[in-house]
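Peer 1:
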Amino acid sequence: MTVEQDRFAKEIEALLSRVEALYARSVSPDSADDDLLKQAIAGLYEMVEELQVASEELRQQNEELAEANHTIEVERRRYRDLFEMAPDGYLVTNLQGVIIEANQAAADMLNVPKDKIASKPLVVYVSQDNNTEFLTLLTGLKQGNPSASIELKMSPRHRPFFDADLRVASATPTTSSGSPYLLWLLRDVSVIKEAQRSLSQANEQLESRVEERTAELITTGETLKKANAEMKEFVFVASHDLQEPLRKIQAFGERISSAKGDQLDDEGRDYLDRMVNAAARMQEMVASLLDYSRITTRAQPFSRVNLNEATGEALSN
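Going by our numbering, the letters in the sequence shown line up with residues 9 to 325, in that order.
1) May I ask which residues mark the beginning and end of the beta strand (DSSP E) holding isoleucine 107?
2) According to the neighbour-count rule (16 or more other Cβ atoms, all chains shown, within 10 Å of its Cβ), is glycine 105 buried or exposed?
3) Do you know offhand how far threonine 144's Cα is from methionine 93's?
4) Cβ of asparagine 111 within 8 Å of Cβ of arginine 167?
5) On the premise that isoleucine 107 lies in contact with leucine 130, defined as a C-beta separation below 8 Å, what is that separation, rounded to the nearest angstrom?
6) Pull up the distance between the alpha-carbon of arginine 7 and that of lysine 201, whole angstroms please.
7) Using only the alpha-carbon positions, how far apart do glycine 97 and threonine 147 sit?
8) Could you give the DSSP three-state label for serine 157: helix, strand or coil?
9) Taking buried to mean at least 16 other C-beta atoms within 10 Å of its own C-beta, is isoleucine 226 buried or exposed?
10) Looking at threonine 101 and tyrosine 189, is the spacing between their C-beta atoms short of 8 Å?
11) So which of Leu280, Arg205 and Glu252 has the shortest CA-CA distance to aspartate 171?
12) Distance, Cα to Cα, arginine 88 vs leucine 66?
13) Residues in the same chain with beta-carbon distance under 6 Å from valine 294, minus the five sequence neighbours each way, listed in chain order, please.
14) Measuring only the C-alpha atoms, how far is glutamate 75 from leucine 52?
15) Relative to the C-alpha of valine 199, which residue among Ala179, Leu103, Arg217 and Asp173 is closest?
16) Check the C-beta distance from leucine 194 over to alanine 114 and give it rounded, since I have them as a contact under 8 Å.
17) Out of Leu254, Arg86 and Leu315, which one is the CA nearest neighbour of glutamine 291?
Below, the structure written as structure tokens:
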């Protein structure tokens, strides 16, 4: 209860006491029989009682109002602390973009003392390269846009530019006499932008390397294709040149064996057989070489090989 309320309650109590005394005298046997006076005093007594009840109700309402005001003040302080302690910059401006207040983070970002940032246009802290975009955004908000966002470079006082993400929303005053205002969120995204630039540069380098590797693979493929063609041609010519004398060796060996075989001793026939067999194996090797040269164009199906026979044949030679 305030001092005025306490004084008012005491005056009502004093008035009630005087009315009660006056009423007691009016109804005493010694008083004159005046009905009109009695009725007036009784009515006044009722009015004073009603006034006392109203005073009590007013006291209770004032206590409730004081408690509500205390709760509101606690909440206001809590939100003020959140506003001041936030890691991002928060600013309040009028519709023209003139700063009304800012939290400590915003003041630090713009390198301006917190107690000196009010009344300064926010645009003075925007890079000149982005002034037009910022003013266009501000015009849209004046024309009724409820919110907007923009990425630009901020120009803090006596410091280098930094990349910023700026978001803003219109706010309605809580009283009829208040003016609309703007709420701004200012976030330094320099680290994110630098990471994006590094990633973009790395992607460009990777694409360049992929293109270089692809070109190298194409060149290598063409070189290999040319080498295969040359090898195929060489093998074909070489095998043809090798097969002709081998056929003659076999033919002459068979003629000697049929015409003069009975005139040869065992050692001579052994030498002759070895010569013919060696020529036959050489022809098989040349044929295999030809087959190998065709692998890239006409692949031959795999077949089973008896390793014991192949090993025995190699050892017999």
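Even glycine gets a Cβ: it sits at the ideal position worked out from N, Cα and C.
Fair warning: this is a prediction, and the values are worked out from it, not measured in the lab.
Peer 2: Answer, in terms of the structure:
1) 107-110
2) buried
3) 31 Å
4) no
5) 6 Å
6) Any question about residue 7 goes unanswered here, given that the chain covers just 9 to 325.
7) 22 Å
8) strand
9) exposed
10) yes
11) Arg205
12) 32 Å
13) Ser247, Leu250 and Gln251
14) 34 Å
15) Asp173
16) 5 Å
17) Leu254
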